[in-house]
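Contents: one structure, followed by commentary.
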Amino acid sequence: MTSSSFGSLIIKDQLLRSMPNVALALFLLHERSQSKWQPYIDILPNHFNTPLYFDYDQLNRLKPSAALCDVLTHIQRIARQYCYLHNLLKGQSSLSKLAENFSYDAYRWAVSVVSTRQNNILNDHGESQLSLIPVMDFLNHEYGQECIHYDMKLQQIECKTMKNIEKNEQIFIFYGKRTNAEYLIHNGFVPNQPNPYDTYLLKLVLSKTDKAYEEKSQLLQRYGLETSDKYLLFVDDELFNPAIFIFIKIFLMNLGKVVLKCFFSFIFRICFLLDDISNVLSKNMTMDEFFDIYALDKDNDVRTFLKTRIQLFIRSLNIASLKNNDLIDHLLISEHDILTKAFKKLELPH
Numbered sequence: 029m030t031s032s033s034f035g036s037l038i039i040k041d042q043l044l045r046s047m048p049n050v051a052l053a054l055f056l057l058h059e060r061s062q063s064k065w066q067p068y069i070d071i072l073p074n075h076f077n078t079p080l081y082f083d084y085d086q087l088n089r090l091k092p093s094a095a096l097c098d099v100l101t102h103i104q105r106i107a108r109q110y111c112y113l114h115n116l117l118k119g120q121s122s123l124s125k126l127a128e129n130f131s132y133d134a135y136r137w138a139v140s141v142v143s144t145r146q147n148n149i150l151n152d153h154g155e156s157q158l159s160l161i162p163v164m165d166f167l168n169h170e171y172g173q174e175c176i177h178y179d180m181k182l183q184q185i186e187c188k189t190m191k192n193i194e195k196n197e198q199i200f201i202f203y204g205k206r207t208n209a210e211y212l213i214h215n216g217f218v219p220n221q222p223n224p225y226d227t228y229l230l231k232l233v234l235s236k237t238d239k240a241y242e243e244k245s246q247l248l249q250r251y252g253l254e255t256s257d258k259y260l261l262f263v264d265d266e267l268f269n270p271a272i273f274i275f276i277k278i279f280l281m282n283l284g285k286v287v288l289k290c291f292f293s294f295i296f297r298i299c300f301l302l303d304d305i306s307n308v309l310s311k312n313m314t315m316d317e318f319f320d321i322y323a324l325d326k327d328n329d330v331r332t333f334l335k336t337r338i339q340l341f342i343r344s345l346n347i348a349s350l351k352n353n354d355l356i357d358h359l360l361i362s363e364h365d366i367l368t369k370a371f372k373k374l375e376l377p378h
């Protein structure tokens, strides 16, 4: 088993060429027992807290989380990669030892090493290249500024600390702008500190049993929206994504219903708007025009629907029952915080 034969495999295989993280994980297993990097490889953790290592009870605790779907998708993706690579290696006689020792446990370990410790450096051609950097990859996360720089002239990684470091004091780096769900999936932890980049994925679905499903789906499509989609609620955002209100407005529409809308400004105005789908479909309004004409951020029906939906998600998290104080609990609590802030925004006078 040689590095040249492994390099040839990467060149030939489209998946390994297009997914450097997969290639790096496989290379780590290839190098594991015979590499000059063995002292480094030997001190890597044997087990990780990424969802790839979650048992049934842990996954079950994630049921109320908006991150569950992404977690399951990630696990499924890694399982598919394993099956693909298992079949690929069977036909590589020059990599027989790697094929013989290749198991799902080994692959999820390698994937977790790469996802929790990867960094980008520039190769000889000035192109970004995924890598593992011994020592640096043992630094823990703290919010702050991007502090890692690759010096092309000296061909070295430089890490600038965010503050003065005393002797025996731990050094932290900023892992990047990620949500708590992304930290959970890719890094195997959820920050204890408030995350200014955290979001909640609010899922909204138009049921196919809706009598006006076809008309509503056409209208959603016109504004670039899907009949089943996720909308981001940002932890510190003062405003909602207008697309949320547009989806809900279309969701609530009835065929042929006429609604009297009253708008108050400096002069009292009463506007009769045909609030039916056929009327809106016949007009070529932009998303901004649709939002403004219907004053969706002030529409009581829309706001009530969104408040009710958010309340349901808050209740499902049931944070009063949490008792493990682990990364799953931290994720659920952070989701609860975002939803609570969003609900309070909707409670404000409009």
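Per the numbering used here, the sequence shown starts with residue 29, numbered consecutively.
Note that the Cβ used here is the ideal one computed from N, Cα and C, for glycine as well.
Bear in mind that the values here come from a model prediction, so they are computed numbers and not experimental data.
Which of the three DSSP states is assigned to residue i in this structure?
i: residue 296; result: Bear in mind that the predicted position of residue 296 carries a pLDDT of just 30, short of 50, making it unreliable; the figure below should be weighed with that in mind. Strand, per DSSP.
i: residue 173; result: coil
i: residue 227; result: strand
i: residue 39; result: helix
i: residue 201; result: strand
i: residue 168; result: strand
i: residue 301; result: Here the model assigns residue 301 a pLDDT of 39, short of 50, so the residue's position is not dependable, and the following value carries that caveat. Note: residue 301 maps to strand in three-state DSSP.
i: residue 359; result: helix
i: residue 130; result: coil
i: residue 193; result: coil
i: residue 114; result: helix
i: residue 120; result: coil
i: residue 242; result: helix
i: residue 94; result: coil
i: residue 374; result: helix
i: residue 342; result: helix
i: residue 32; result: helix
i: residue 220; result: coil
i: residue 65; result: coil
i: residue 71; result: coil
i: residue 326; result: helix
i: residue 333; result: helix
Between residue i and residue j, is the Cβ-Cβ spacing less than 8 Å?
i: residue 87; j: residue 217; result: no
i: residue 370; j: residue 338; result: yes
i: residue 185; j: residue 201; result: no
i: residue 76; j: residue 58; result: no
i: residue 212; j: residue 139; result: no
i: residue 44; j: residue 141; result: no
i: residue 374; j: residue 331; result: yes
i: residue 248; j: residue 275; result: yes
i: residue 280; j: residue 92; result: no
i: residue 277; j: residue 258; result: no
i: residue 361; j: residue 376; result: no
i: residue 99; j: residue 90; result: yes
i: residue 136; j: residue 106; result: yes
i: residue 223; j: residue 263; result: yes
i: residue 251; j: residue 315; result: yes
According to DSSP, what are the bridge partners of residue i?
i: residue 178; result: 185
i: residue 257; result: 232
i: residue 146; result: 160
i: residue 55; result: Beta-bridge pairing links residue 55 to no other residue.
i: residue 275; result: For residue 275, which the question treats as bridged, DSSP gives no partner whatsoever.
i: residue 262; result: 227
Going by alpha carbons, who is nearest to residue i out of the options?
i: residue 255; options: 191, 237, 122; result: 237
i: residue 320; options: 344, 279, 271; result: 271
i: residue 74; options: 204, 144, 170, 195; result: 144
i: residue 267; options: 366, 191, 177, 242; result: 366
i: residue 146; options: 106, 49, 82; result: 49
i: residue 127; options: 165, 54, 275; result: 54
i: residue 183; options: 171, 336, 149; result: 149
i: residue 363; options: 341, 372, 376, 352; result: 341
i: residue 165; options: 71, 105, 357; result: 71
i: residue 157; options: 312, 315, 52, 336; result: 52
i: residue 261; options: 115, 207, 119; result: 207
i: residue 83; options: 163, 103, 198; result: 103
Give the C-beta separation of residue i and residue j to the nearest angstrom, bearing in mind that I take them to be a contact with Cβ-Cβ under 8 Å.
i: residue 359; j: residue 209; result: 7 Å
i: residue 203; j: residue 215; result: 7 Å
i: residue 225; j: residue 205; result: 4 Å
i: residue 244; j: residue 234; result: 6 Å
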